[in-house]
């Protein structure tokens, strides 16, 4: 393995250098404000404040956020990127960086790793280190990819650039019948993708349908197809707890994120679709505007590759798939795309220009294709060097634009910025009574009846309180926003029914006096999904051990195949 990596040392070094160059506008000013910077740093800071060896995972109900009333962002929004940033910040505290410094370092690492995977796919396509590096360079300096980090500060979306190439690489290994590598890249890639950006994962999955059609004969065989189904099953079980919370709160709850027209709709899709000219006209100020244009030399390389491919198609049908994938992304991003005929669930992407997250990968991989039609090896190599130089030099003005035009933020993190721009994970009733919510403190409020209520301990999401002087039945509003999965128990071990009131808070009716404890256990379905996830993880780690202890299983299988 080390020997194989050493053979690519210059390409890998070039990827590291180019990645750092592409991140200079952010590395030189880590306090640059992106669209979502404060949202991500606030969430990561909250997670970092409570994770420990005893409790290493993010809580489904977050403390501190939403006036410390228990905000269920992790029930709806994938928390993997925030958790990784939180651990990056925790580890980086050894060197005393700010959360913004940690974020810049993480973005750079993602750029390097994702570019390595693009290079790796390039090696599968071209079997040439030079041509593969052309693809990696086109990807590194893809304007939208850089803008997604520097201008948008879209942490979860940036992780997509890491996980999608892993999935593609896994599928290529599946075609090669290298099943160990397939399971590794496909399972990690798809699990990471779903736990980073659910909507883009949905689009990417739909856009992979042509892959299975193109390679139908290779994939739908008795040998290969069961491996694919097993991998899909493993991914499903690994992400099942998150899927369950999203689906349950959509079906049985009433939250802003699912309200009609609140977060997505046909008007969003039509307004944020792209004109064709936006692909070719760089803006003059990217302090806040999303970069949507394409590098001119990336376009030239792609067009030349397409023309040569039309004249003389390659035997490797992966090229056909990547062309098809690129054109799908391109068409879905344009204003004249018939969004009114598309199921509304696809509107959740909000901004059709997000298709460039997929386009950045597929288009970059095709840029070097025209070079393989050059028969002279030396001319091909020097032409590749020229393409790399042109991509780099043409990116300088764009990088300089990013460097000179920016807004700044501070290291001081406001917890409520972690709620999202539209505070979209609040109950609708809370949003409709926003002034009441803003003034709500941590007391238990008596809505009906007469009793004395004292809070003994409040550690979001948990709450312990006593009820005294209660002669009948009292209705209490607890200082927690309403989400499915809370459990309220009495000191006698009885469970009490919780419901949502007209302000979106947890409410309960209590008869008699006593001490009561509120905890968040998750719904029954979520608990079952979590156990299935745990068993799946144990199975993944135990399978290699069991295989090594009982090697006769493998021998028996081999003998059966021989016979």
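Residue numbers (our numbering): 227 to 789. A virtual CB, placed ideally from N, CA and C, is assigned to each residue, including glycine.
**Q.** Given 8 Å, three or more beta-carbon pairs between the segment 501-512 and the segment 397-408
**A.** No, the segment 501-512 is not in contact with the segment 397-408.
(Q) For residue 748, report the span of its beta strand (DSSP E) as first-last. (A) Here residue 748 corresponds to residue number 522 of the chain shown, with the count starting at 1. The continuous stretches of beta strand (DSSP E) do not include residue 748, and DSSP gives it neither H nor E.
Q: Taking all protein chains shown into account, decide if residue 729 is buried (16 or more other Cβ within 10 angstroms of its Cβ) or exposed.
A: As a first step, residue 729 is located in the chain shown; it is residue number 503 there, counting from the start. Residue 729 is buried by the Cβ-count criterion.
Q: Name, in chain order, the residues that DSSP records as bridge partners for residue 691.
A: In the chain shown, residue 691 corresponds to position 465, counting from 1. For residue 691, the beta-bridge partners assigned by DSSP are 681 and 742.
Q | residue 461 vs residue 405 beta-carbon contact at 8 Å | A | Locating residue 461 in the chain shown gives position 235, where the first residue counts as 1. Locating residue 405 in the chain shown gives position 179, where the first residue counts as 1. In terms of Cβ geometry, residue 461 and residue 405 do not form a close pair [threshold 8 Å].
Q) Expressed to the nearest angstrom, what Euclidean distance is found between the alpha-carbon atoms of residue 702 and residue 672? A) Walking along the chain shown from the start, residue 702 turns up at place 476. Walking along the chain shown from the start, residue 672 turns up at place 446. The alpha-carbon of residue 702 is positioned some 5 Å away from that of residue 672.
Q: Grab me the residues of residue 242's own chain with a C-beta within less than 6 Å of its C-beta, minus the 5 sequence neighbours each way, in chain order.
A: On the chain shown, residue 242 is found 16 positions in, with the first residue counted as 1. If the five residues before and after residue 242 are omitted, its C-beta is found closer than 6 Å to the C-beta atoms of 338, all from its own chain and listed in chain order.
Q.
Quick check on residue 500: does DSSP put it in helix, strand or coil?
A. Sequence index remark: in the chain shown, residue 500 carries index 274 (1-based). The answer is strand: DSSP assigns residue 500 an E or B state.
Q.
Among the candidates 448, 624, 692 and 748, whose CA atom is the shortest distance from the CA of residue 515?
A. Position 289 of the chain shown, counting from 1, holds the residue named residue 515. Cα-wise, what sits closest to residue 515 is 624.
Q. Taking C-alpha atoms, which residue in 316, 429 and 367 lies nearest to residue 613?
A. In the chain shown, the residue the question calls residue 613 occupies position 387. Distance check between residue 613 and each of 316, 429 and 367 places 367 closest, using alpha-carbon atoms only.
Q) In whole angstroms, what separates the C-alpha of residue 615 from that of residue 443? A) Position 389 of the chain shown, counted from the first residue, corresponds to residue 615. Position 217 of the chain shown, counted from the first residue, corresponds to residue 443. Taking the straight line joining both Cα atoms gives about 40 Å.
Q | Beta-carbon proximity list for residue 573, same chain, < 7 Å, skipping 5 on both sides | A | Start at 1 with the first residue of the chain shown, and residue 573 comes out as number 347. Excluding positions up to five away in sequence, the list reads 490, 491, 492, 494 and 495.
Q | Coil, strand or helix - residue 713 by DSSP | A | Working through the chain shown from its first residue, we reach residue 713 at position 487. Strand, per DSSP.
**Q.** Euclidean distance between Cα positions of residue 534 and residue 231
**A.** In the chain shown, counting from the first residue as 1, residue 534 sits at position 308. In the chain shown, counting from the first residue as 1, residue 231 sits at position 5. Using only the alpha carbons, I get a separation of about 32 Å.
Q. In whole angstroms, what is the alpha-carbon distance linking residue 695 and residue 739?
A. Your numbering for residue 695 matches position 469 in the chain shown. Your numbering for residue 739 matches position 513 in the chain shown. Cα to Cα, residue 695 sits roughly 7 Å from residue 739.
(Q) Threshold first: 4 residues or longer. Then list the alpha helix (DSSP H) segments lying entirely within the segment 451-536, N to C. (A) Qualifying alpha helix (DSSP H) stretches, in chain order: 451-478 and 492-497.
Q. Taking all protein chains shown into account, do 16 or more other C-beta atoms lie within 10 angstroms of the C-beta of residue 785, making it buried, or fewer, making it exposed?
A. Mapped onto the chain shown, residue 785 falls at position 559. Confidence in residue 785 is poor, its pLDDT being 37 and thus under 50, which makes the residue's placement unreliable; the coordinate value appears in the next sentence. Residue 785 counts as exposed, since fewer than 16 other beta carbons sit within 10 angstroms of its beta carbon.
Q. Going straight from the alpha carbon of residue 758 to that of residue 355, what length do you get?
A. Here residue 758 is taken as the residue at index 532 of the chain shown, counted from 1. Here residue 355 is taken as the residue at index 129 of the chain shown, counted from 1. So the two alpha carbons sit approximately 42 Å from each other.
Q. Roughly how far, in whole angstroms, is the beta-carbon of residue 426 from the beta-carbon of residue 392, given that I think they are within contact range, below 8 Å?
A. As a first step, residue 426 must be located in the chain shown, where it is residue number 200. As a first step, residue 392 must be located in the chain shown, where it is residue number 166. So it is not a contact: roughly 14 Å between Cβ atoms.
Q.
Taking the alpha-carbon of residue 681 as reference, which of 527, 559 and 704 has the nearest alpha-carbon?
A. Translated into positions along the chain shown, residue 681 becomes position 455. Looking at the Cα atoms, 704 is the closest of the given residues.
Q: Assuming residue 712 contacts residue 653 (C-beta within less than 8 Å), just tell me the rounded distance between them.
A: Numbered from its first residue, the chain shown carries residue 712 at position 486. Numbered from its first residue, the chain shown carries residue 653 at position 427. Rounded to whole angstroms, the Cβ separation of residue 712 and residue 653 is 13 Å, and the two are not in contact under 8 Å.
Q: Output the distance between the C-alpha atoms of residue 563 and residue 318, rounded to the nearest integer angstrom.
A: In the chain shown, counting from the first residue as 1, residue 563 sits at position 337. In the chain shown, counting from the first residue as 1, residue 318 sits at position 92. A straight line joining the alpha-carbon of residue 563 with that of residue 318 spans about 45 Å.
Q: Could you check the C-alpha separation between residue 539 and residue 307 for me, to the nearest Å?
A: Numbered from 1 along the chain shown, position 313 holds the residue referred to as residue 539. Numbered from 1 along the chain shown, position 81 holds the residue referred to as residue 307. Residue 307 has its alpha-carbon roughly 40 Å from the corresponding atom of residue 539.
Q: Label residue 357 either buried or exposed according to how many other C-beta atoms from any shown protein chain fall within 10 Å of its C-beta, with 16 as the threshold for buried.
A: Within the chain shown, the letter at position 131 stands for residue 357. Answer is buried; the Cβ neighbour count reaches 16.
Q | Reduced DSSP category for residue 699 - H, G, I as helix; E, B as strand; rest coil | A | On the chain shown, position 473 is the one that residue 699 refers to. Looking at residue 699 - three-state DSSP - the assignment turns out to be strand.
Q.
What does the Cβ neighbour count give for residue 578, buried or exposed, with the cut at 16 atoms within 10 Å?
A. Within the chain shown, residue 578 is the residue found at index 352, counting from 1. By the Cβ-count criterion, residue 578 is buried, with 16 or more other Cβ atoms from all chains shown falling within 10 Å of its own Cβ.
Q. Taking all protein chains shown into account, do 16 or more other C-beta atoms lie within 10 angstroms of the C-beta of residue 569, making it buried, or fewer, making it exposed?
A. Position 343 of the chain shown holds residue 569. With fewer than 16 Cβ atoms within 10 Å of its Cβ, residue 569 is classed as exposed.
Q.
If contact is defined by three or more beta carbon pairs under 8 Å, each pair taking one atom from either stretch, is the segment 713-732 in contact with the segment 428-442?
A. Taking 8 Å as the limit for Cβ pairs, the verdict is that the segment 713-732 does not touch the segment 428-442.
Q. Just how far apart, CA to CA, sit residue 735 and residue 697?
A. Residue numbering aside, residue 735 sits at position 509 when the chain shown is read from its first letter. Residue numbering aside, residue 697 sits at position 471 when the chain shown is read from its first letter. Residue 735 and residue 697: Cα-Cα distance of roughly 13 Å.
Q: Tell me whether residue 419 sits in a helix, a strand or coil according to DSSP, three-state version.
A: The residue you call residue 419 lines up with position 193 of the chain shown. It is helical.
Q. Helix, strand or coil for residue 572 per DSSP?
A. Along the chain shown, one-based indexing puts residue 572 at 346. Per DSSP, reduced to three states, the secondary structure at residue 572 is helical.
Q. Does DSSP classify residue 733 as helix, strand or coil?
A. Position 507 of the chain shown, counted from the start, is the residue given in the question as residue 733. Residue state, collapsed to three classes: strand.
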